[in-house]
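Take a look at the structure below.
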Amino acid sequence: MNSYVGKKYHVVTYGCQMNVHESEKIRGILHSLGMEEIDNPETADVVVFNTCCIREGAEDRAYNNVMALKKVKEKNPSKVIVVCGCMPQQKNGKYDLKKRLPFVDIIIGTHNINALAQYLIELSKTKERVYDIIEKPIATMDPDYCIRDDKTNAYVNIIYGCNKFCTYCIVPYVRGREMSRTPEEIYKEVKDLVQNHGYKYITLLGQNVNSYGKDLKEKTSFSELLKNLCKIEGDFKIKFMTSHPMDFGDDLIKVMKEEHKVAKALHLPVQSGSSRILQRMNRHYDIKHYMSIIKKIKRAVPNIALSTDIIVGFPGETEKDFNQTMKLIKKVKYDQVFAFMYSKRTGTPAATFEDQVDEDIKNIRVNKLLRLQKIIQKEQLKKFIKKRFDCLIKHINGVAVGVTDGGREIYIPNYKYNNENYFTKVKVEDIRNHKLSGVIDE
Ligand code: SF4
């Protein structure tokens, strides 16, 4: 029996869905040691910070929250603090964690989180602090360990790492090169989640899912993987993120159109409406190419929910470039836009570009863009009227609600429900106070 049995743990997560899912695996590892989860980091015996370094804000928050436990650790030296994930993995990061966090017991990177149980056991025996950052993954984490938060949607990794090297992004430096899981492994995991655990949505995860399979011995493609997963019996749908416009082919559009089990929602980051800026970002596509995908997907899947990411104020972005981004969002009419002000990431090429944009200008631009998107979103609601959507039925505050693949809620006020969590068609009839209402229309 190990010394952690019966002890309490708490996991703090920063960053993207990949990290959220990794924390689900970390919780699984801690459970396998016989521990129980609690909500309070101050009273937990083991606290794990699963960090992110994609933006400075996330990094500062994680650092400050670890520091906040310093006094607690001084009073209770047997408390174990672990810092893992992207922050320790980056070379020459903003914080020298080894030096600045001497009270932290275990510091590991992104590639050896799967060995956390061994590190904890080693620590309990030797009482020696662990600092281990390795360059390549030991092995991918076993999904059987996962303790999942969400009972409806399950995340499934299909590819790790990224080969794209966008000039603003730290991911390829902290997550390494692309490494796909085999189709057989993924199929087995999805089948189990759907048929034995009743998940309704499976979200396939990767920094660039469209690159899936290129690195495997037996080459395959993302669209092939999707087609195969759709053969699994059950009432479920598949979402995926994140897509890269460069690798987004017509084969995928065809699968999205033809396969009922592929959700009618697409997150396709554009990052900028200016081809000149896209080139400086090393995104490998221009606006003409991006718009050709948008046109094709809208034609093939008429009610598709589109969302995107935009970086405002990338080095060298002029008023003209920014106006091209504004023009693009007016043209595409996304359901959702995630807009961020560019922030320098040490270790990336863009951080060394000399023509950085003034913070005030970035602020003005991002607010202008978000205001425009708000107007577009309001107008977009009208396009739902009289349309039918395949929705997952949920109960929210005693009312039946149909949730579309894009996450839009349609209230069904007069519907007498017996159960929830099944897919059915809902027709939108009205908009009140910016909320949609409708009826079941099978
Ligand atoms: S595609 Fe670009 S933005 Fe996305 S993870 Fe790779 S380098 Fe980063």
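My numbering applies: residue 646 is where the sequence shown begins, and numbers increase by one.
All C-beta atoms, glycine included, are put in the ideal place defined by N, C-alpha and C.
These figures come from a predicted structure and were not determined experimentally.
Tell me the DSSP secondary structure of Gln852 in three-state form.
For the purposes of this step, residue 852 is taken as the residue at position 207 of the sequence shown. Coil.
On the CB-based measure, 16 or more other CB atoms within 10 Å of its CB, does Ser937 come out buried or exposed?
Position 292 of the sequence shown, counted from the first residue, corresponds to residue 937. Result: exposed.
If we count the other Cβ atoms within 10 Å of its Cβ and call it buried at 16 or more, is Gln734 buried or exposed?
The sequence position of residue 734 within the sequence shown is 89, counting from 1. Flag for Gln734 reads buried.
I'd like to know if the segment 997-1017 and the segment 901-919 are in contact, where contact means that at least 3 CB-CB pairs between them fall below 8 Å.
no
So which of Lys772, Leu1026, Asn927, Pro817 has the shortest CA-CA distance to Glu780?
Taking the first residue of the sequence shown as 1, we reach residue 780 at position 135. The residue with the shortest Cα to Cα distance from Glu780 is Pro817.
Selection from Thr997, Ile974, Ile766, Gln1001 that minimises the alpha carbon distance to Gln1025
Taking the first residue of the sequence shown as position 1, residue 1025 is located at position 380. Checking every option, the nearest Cα to that of Gln1025 belongs to Ile974.
Can you find at least 3 beta carbon pairs, one from the segment 1046-1055 and one from the segment 915-935, that sit closer than 8 Å?
no
Report all residues from its chain with a CB closer than 6 Å to the CB of Arg822; omit the five preceding and five following residues, and keep chain order.
For this step, residue 822 is matched to residue 177 along the sequence shown. Excluding residues within five positions, the ones whose Cβ falls inside 6 Å are Gly806, Asn808.
For Met986, which of helix, strand or coil comes out of DSSP?
Residue numbering aside, residue 986 sits at position 341 when the sequence shown is read from its first letter. Met986 falls in the strand class under three-state DSSP.
So Gln916 packs on Asp892, CB below 8 Å; how close in whole Å?
Residue 916 sits at position 271 when you count from the first residue of the sequence shown. Residue 892 sits at position 247 when you count from the first residue of the sequence shown. About 15 Å; that fails the 8 Å criterion.
Over the uninterrupted alpha helix (DSSP H) stretch that includes Asp1101, give me the two end residues.
Nothing in the structure corresponds to residue 1101, since the chain is present only between 646 and 1087.
Give the straight-line distance between the Cα atoms of Cys729 and Asn709, rounded to the nearest whole angstrom.
Along the sequence shown, one-based indexing puts residue 729 at 84. Along the sequence shown, one-based indexing puts residue 709 at 64. Straight-line Cα distance between these residues: approximately 15 Å.
Kindly examine ligand 1 and report whether one of its heavy atoms sits closer than 7 Å to the Cβ of Val816.
On the sequence shown, residue 816 is found 171 positions in, with the first residue counted as 1. Yes, Cβ of Val816 sits closer than 7 Å to a heavy atom of ligand 1.
Please find out if some non-hydrogen atom of ligand 1 comes closer than 7 Å to the beta-carbon of Lys809.
Looking up residue 809 in the sequence shown gives position 164. True, at least one ligand heavy atom lies under 7 Å from that Cβ.
Decide if Gly1093 is buried, meaning its Cβ has at least 16 other Cβ atoms within 10 Å, or exposed.
Given a span of 646 to 1087 for the chain in the structure shown, any question on residue 1093 remains unanswerable.
What does DSSP give as the partner residues of Ala1045 in its beta bridges?
Within the sequence shown, the letter at position 400 stands for residue 1045. Paired residues: His1040, Ile1057.
Using a threshold of 7 Å, is the CB atom of His666 nearer than that to any non-hydrogen atom of ligand 1?
Stepping through the sequence shown from its first residue, residue 666 is reached at position 21. False, no ligand heavy atom lies under 7 Å from that Cβ.
Tyr654 by DSSP, collapsed to three states: which one?
Translated into positions along the sequence shown, residue 654 becomes position 9. It is a strand residue.
Where Ile922 sits in the DSSP three-state scheme:
Along the sequence shown, read from residue 1 onward, the residue named residue 922 stands at position 277. In this structure, Ile922 counts as helix in the three-state DSSP scheme.
Assess, as a yes-or-no matter, whether the segment 949-964 is touched by the segment 996-1003 under the definition of 3 or more beta carbon pairs within less than 8 Å.
yes
Give a single yes or no on whether Asn853 has its beta carbon closer than 7 Å to a heavy atom of ligand 1.
Translated into the one-based positions of the sequence shown, residue 853 becomes position 208. Yes, since a heavy atom of ligand 1 falls inside the 7 Å radius drawn around the Cβ of Asn853.
Provide the residue span of the alpha helix (DSSP H) that contains Lys809, from first to last.
As a first step, residue 809 is located in the sequence shown; it is residue number 164 there, counting from the start. Taken as a continuous stretch (DSSP letters only), Lys809 belongs to no alpha helix (DSSP H), as it is neither H nor E.
Taking Lys1027 as the reference, give the member of Asp980, Val665, Tyr790, Gly1047 with the closest Cα.
Taking the first residue of the sequence shown as position 1, residue 1027 is located at position 382. The shortest Cα separation from Lys1027 among Asp980, Val665, Tyr790, Gly1047 belongs to Asp980.
Do three or more CB pairs link the segment 833-840 to the segment 861-881 at distances below 8 Å?
yes
Cβ shell of Pro782 (< 6 Å), same chain only, five flanking positions each side left out
The residue given as residue 782 occupies position 137 in the sequence shown. Excluding residues within five positions, the ones whose Cβ falls inside 6 Å are His756.
Measuring straight from C-alpha to C-alpha, what distance separates Ser677 and Tyr649?
In the sequence shown, residue 677 corresponds to position 32, counting from 1. In the sequence shown, residue 649 corresponds to position 4, counting from 1. Cα-Cα distance, rounded: 10 Å.
Taking DSSP as the reference, what is the three-state secondary structure of Ala908?
Within the sequence shown, numbered from 1, the residue matching residue 908 stands at position 263. If DSSP states are grouped into helix, strand and coil, Ala908 belongs with coil.
Where Glu1074 falls: helix, strand or coil (DSSP)
For the purposes of this step, residue 1074 is taken as residue 429 along the sequence shown, with counting starting at 1. Correct three-state label for Glu1074: strand.
Relative to ligand 1, is the shortest distance from any of its heavy atoms to the C-beta of His889 smaller than 7 Å?
As a working note, residue 889 is residue 244 in the sequence shown. For ligand 1, at least one heavy atom lies less than 7 Å from the Cβ of His889.
Please state whether the Cβ-Cβ distance between Leu765 and Val711 is less than 8 Å.
Position 120 of the sequence shown, counted from the first residue, corresponds to residue 765. Position 66 of the sequence shown, counted from the first residue, corresponds to residue 711. Result no, Cβ atoms of Leu765 and Val711 do not sit closer than 8 Å.
Between the C-alpha atoms of Thr1069 and Cys1036, what's the straight-line distance to the nearest angstrom?
If you number the sequence shown from 1, residue 1069 lands on position 424. If you number the sequence shown from 1, residue 1036 lands on position 391. Computed Cα separation, rounded: 5 Å.
Considering only the beta carbon of each residue, do Asp795 and Leu768 sit closer than 8 Å?
Numbered from 1 along the sequence shown, position 150 holds the residue referred to as residue 795. Numbered from 1 along the sequence shown, position 123 holds the residue referred to as residue 768. No, these two residues do not count as a Cβ contact at 8 Å.
Buried versus exposed call for Gly1043 [16 or more other C-beta atoms within 10 Å across all chains shown]
Position 398 of the sequence shown, counted from the start, is the residue given in the question as residue 1043. With fewer than 16 other Cβ atoms within 10 Å, it is exposed.
Measuring straight from C-alpha to C-alpha, what distance separates Val835 and Ile898?
Against the sequence shown, residue 835 aligns to sequence position 190. Against the sequence shown, residue 898 aligns to sequence position 253. Taking the straight line joining both Cα atoms gives about 22 Å.
Phe998 lies in the beta strand (DSSP E); which residues open and close that run?
Within the sequence shown, numbered from 1, the residue matching residue 998 stands at position 353. First-last for Phe998: undefined, no H or E at that position.
Using CA coordinates, which residue listed in Asn1059, Arg1077, Asn1078 is at the minimum distance from Asp1086?
For the purposes of this step, residue 1086 is taken as residue 441 along the sequence shown, with counting starting at 1. If we check each option's Cα against that of Asp1086, Asn1059 comes out closest.
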